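Inspection log for the structure reproduced underneath, given as structure tokens.
Chains as they are written, first to last, in my numbering: chain A, 10 to 434; chain B, 46 to 371.
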């Protein structure tokens, strides 16, 4: 008896809250949301949207995709070009807005007020010709993860501040640990597969060594310069010495695999690895810290590639209104806070960096504001429709350098010619 | 001879012709649904793909037909840059494309040769009579039955440089002193692809060759045995010549498949210059860059290259595909 009474009460409260939203929503819609699967995002998603589902009466189905953003993009563009209405909402990478803008709904009027609380540069990156095509749900900027216990054990009191220092430190610790029988330990793991992630890694080496950002905001091709060449030459010495040779096929998750089993001194990765690294099944729980990425060639500012994810509503969706409401919820403070606490995703809402709950659960997030301030965008704005091809030319050239097939000077000289050919139409 | 006799004979022949014509007509009627299906699923996409290669179709224009005819520009184009410099562009002058062609051809020749050799070995073993032959024949087909995506992932983990069992085994018996990054390193990536492809496809070759073996009449072996000819000579003088047509056809099937290899390369390796093949490049152009024009030009060239290879093979190997000589 009590049970049925309870469920009746629950139902009434659901009806009441649904009624509150009745002004905006008429019938219960089913929203299909497509997103890449990295870390625990898919597992946590049901809990994340539960309050929204309860409040509006709509339901969300998540369609997981491979975590490679290159693979996701190809598939999404095909669906959108064909005017496919099966997917209502897309989780989009920060670099996609200029390429996919035509297929998404403009949310500038609905979200205008909410967006004033977000970092202006991120909102700007999702605005194409005055249309706000996607709402930021979290931002991303990588950092250097380092093992505090190993650094201390081998007599280092601070993490490296330059790439040269990192190379030496990693080599010294790796040699010393291996001499003690710790044969699986590596100095530094990162993302060396030939895919979008290598563009991010290599852009950081180049930019933090004073070698520019491949293509400058005004469209100048700047990549063929001595600092960039030196930065790539240094990186080319890593595979096989301080990094396993397999790093040439690593994406984020492979690097995290080596790191989280306790087999690396340093790792370059995105914030999501912080929460997972401190999970109960992690061999490095409590044994590591993060800092800004090093600099190189005597240059003094570090660089972190600006990543981040947004949600965009498809123009071809039949439930646009419900999808926009979900986008607003995911970009809002409640969902961003939950994401920050559960998945160590960086909020795009400025005030959340001062939030006490987030600081308690993920002490790293307030600190990450420093990393974020040095973020460098990939050249997606000046290259627009050609960005993917520019990025592929860049990561292919870098991959041939780090795998030792070509010298950095030759590869970048060729790259410059290829970029000129591509962009000079 | 009376005229009526002649008439009867002519009528008879006329009826016969009519019957023949009717049978031909009936045969066509039975074939028509099949021909329509083939036109829909093979000829039409092929025609579309070739016609796209002469346009500037992109992901944004492919569905609304706003692409323009640009002739052979996707294949080869003379371009004068704004600073007056002349540049040749297009697939035919693209170094990456020729690198991919070389990778594909190299992969095809080595993999088909190895698969034919091992397939022949396996087929000869399976052709002998021993206890549990049925079970072994079924078991040997397992690699072929596993979808490539699954076997590529499985082998990817087995070949992994940190956690892979292959490195572990080779290390523990002292074959290598430190783990090899099989799929990542440019020197070994193609070898890794070959290992997995040979593992997967040898059963298929074995099956086709086994079918050929079973067609060889038993009495030929008996005659050879009565004449006291040794086993090696029997193999080279009896088995191999009689098996040749079956092997030649099996090799064609495999070569067609190998020349358009995509899945293993895409899943197992970083798709760097060391392993990238024609199909991977074409996929990248279409799917990732949205350039349907240039991607279709690559597909068309792939089609042409495969055709040339197969024609050469049939001509040089005197393969009897129509079965006229038997």
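Where is the CB? At the ideal position from N, CA and C, for every residue including glycine.
Given the structure is predicted, the values throughout are model-derived calculations rather than measurements.
Euclidean distance between Cα positions of residue 32 (chain A) and residue 96 (chain A): Low confidence applies to residue 32 (chain A): its pLDDT is 43, below 50, so where it sits in the model is not reliable, and the reading given next is rough at best. A straight-line Cα-Cα distance of about 25 Å links residue 32 (chain A) and residue 96 (chain A).
Residue 116 (chain A) - DSSP class collapsed to helix/strand/coil: Here residue 116 (chain A) carries a coil assignment [DSSP, helix/strand/coil].
Members of the region 208 to 240 of chain B that neighbour chain A once the beta carbon cut-off is set at 7 Å: If the cut-off is 7 Å between Cβ atoms, the region 208 to 240 of chain B has 226, 228, 229, 230, 231 near chain A.
Whole-angstrom distance between residue 311 (chain A) and residue 131 (chain A), CA atom to CA atom: Near 20 Å, if we compare the C-alpha coordinates of residue 311 (chain A) and residue 131 (chain A).
Check whether residue 151 (chain A) and residue 313 (chain A) have beta carbons under 8 Å apart: Taking 8 Å as the Cβ cut-off, residue 151 (chain A) and residue 313 (chain A) qualify as a contacting pair.
Per-residue DSSP class, three states only, for residue 127 (chain A): The answer is strand: DSSP assigns residue 127 (chain A) an E or B state.
Extent of the continuous beta strand (DSSP E) run through residue 42 (chain A): Per DSSP, residue 42 (chain A) belongs to the beta strand (DSSP E) from 39 to 45.
Bridge partner(s) assigned by DSSP for residue 317 (chain A): Looking at the DSSP output, residue 317 (chain A) shares a beta bridge with A:148.
Outcome for residue 240 (chain B) when other beta-carbon atoms lying within 10 angstroms are tallied against a minimum of 16: Residue 240 (chain B) comes out buried.
According to DSSP, residues forming a beta bridge with residue 123 (chain B): Partner(s): B:133.
Contact belief for residue 391 (chain A) with residue 220 (chain A) at Cβ below 8 Å, rounded distance in angstroms: The C-beta distance from residue 391 (chain A) to residue 220 (chain A) rounds to 17 Å, too long to meet the 8 Å contact threshold.
Spatial neighbours of residue 299 (chain A) in its chain, beta-carbon cut-off 7 Å, leaving aside the 5 residues before and after: So the qualifying residues of the chain are 152, 153, 154, 283, 373.
Chain B contact residues for residue 258 (chain A), given Cβ-Cβ distances below 8 Å: For residue 258 (chain A), the chain B residues whose Cβ falls inside 8 Å of its Cβ are 226, 228, 229, 314, 315, in order along the chain.
Own chain partners of residue 228 (chain B) with C-beta closer than 7 Å, once the 5 adjacent residues on each side are dropped: The beta carbon of residue 228 (chain B) sits closer than 7 Å to those of 201, 204, 234, 237, 313, 314, all from its chain and outside the five residues before and after it, given in chain order.
Three-state secondary structure assigned by DSSP to residue 30 (chain A): Residue placement at residue 30 (chain A) is flagged as unreliable, the pLDDT there being 46, under the threshold of 50; the coordinate-derived value follows with that caveat. Residue state, collapsed to three classes: coil.
Same chain, Cβ closer than 8 Å to residue 155 (chain B), neighbours up to 5 away in sequence not counted: Answer for residue 155 (chain B): 239, listed in chain order.
Where the alpha helix (DSSP H) containing residue 140 (chain B) begins and where it ends: Note, residue 140 (chain B): alpha helix (DSSP H), 140 to 172.
Three-state secondary structure assigned by DSSP to residue 141 (chain A): DSSP, read as helix, strand or coil, puts residue 141 (chain A) in strand.
Contact check, residue 335 (chain B) vs residue 98 (chain B), beta carbons under 8 Å: Residue 98 (chain B) is positioned such that its CB atom lies no closer than 8 Å to that of residue 335 (chain B).
Contact set between residue 187 (chain B) and chain A, taken where Cβ atoms lie within less than 7 Å: Counting only Cβ-Cβ distances below 7 Å, residue 187 (chain B) has no contacts in chain A at all, with the closest Cβ about 27 Å away.
Below-8 Å beta-carbon distance, residue 417 (chain A) vs any chain B residue: Residue-level contact by beta carbon fails for residue 417 (chain A) and chain B, as no gap is shorter than 8 Å.
Straight-line Cα distance separating residue 315 (chain A) from residue 387 (chain A): Whole-angstrom Cα-Cα distance: 7 Å.
Three-state secondary structure assigned by DSSP to residue 278 (chain A): Of the three classes helix, strand and coil, the one that applies to residue 278 (chain A) here is strand, per DSSP.
Selection from A:360, A:264, A:319 that minimises the alpha carbon distance to residue 134 (chain A): Nearest of A:360, A:264, A:319 to residue 134 (chain A), Cα basis: A:319.
CB of residue 224 (chain A) within 8 Å of CB of residue 231 (chain A), strictly: Closer than 8 Å, so yes.
Proximal chain A residues relative to residue 134 (chain B), where beta-carbon distance stays under 9 Å: The answer, in chain order, is 430.
For residue 160 (chain B) and residue 246 (chain B), believed in contact at Cβ under 8 Å, the rounded distance: That belief holds up - the Cβ atoms of residue 246 (chain B) and residue 160 (chain B) are roughly 5 Å apart, short of 8 Å.
Spatial distance of residue 94 (chain B) from residue 99 (chain A) (CA atoms): Cα to Cα, the separation comes out at about 29 Å.
Coil, strand or helix - residue 81 (chain A) by DSSP: DSSP places residue 81 (chain A) in the helix class (H, G or I) of the three-state scheme.
Cβ-based burial, residue 71 (chain B) [other Cβ within 10 Å; buried from 16]: Label assigned to residue 71 (chain B): exposed.
CB-CB length for residue 261 (chain A) against residue 279 (chain A), believed under 8 Å: Rounded, the Cβ-Cβ distance is 7 Å, consistent with contact.
Proximity of residue 113 (chain A) and residue 143 (chain A) at Cβ, strictly below 8 Å: When the beta-carbon positions are compared, residue 113 (chain A) and residue 143 (chain A) come within less than 8 Å of each other.
DSSP three-state assignment for residue 217 (chain A), whether helix, strand or coil: Collapsing the DSSP output to three states places residue 217 (chain A) in coil.
Ranges of the alpha helix (DSSP H) found wholly within the region 171 to 251 of chain A, counting only runs of at least 4: Uninterrupted alpha helix (DSSP H) stretches at least 4 residues long and entirely within the region 171 to 251 of chain A occur at 172 to 188, 205 to 216, 235 to 245, given in chain order.
Residue 322 (chain B) burial status per 10 Å Cβ neighbour count (16 or more: buried): When all chains shown are included, residue 322 (chain B) counts as buried.
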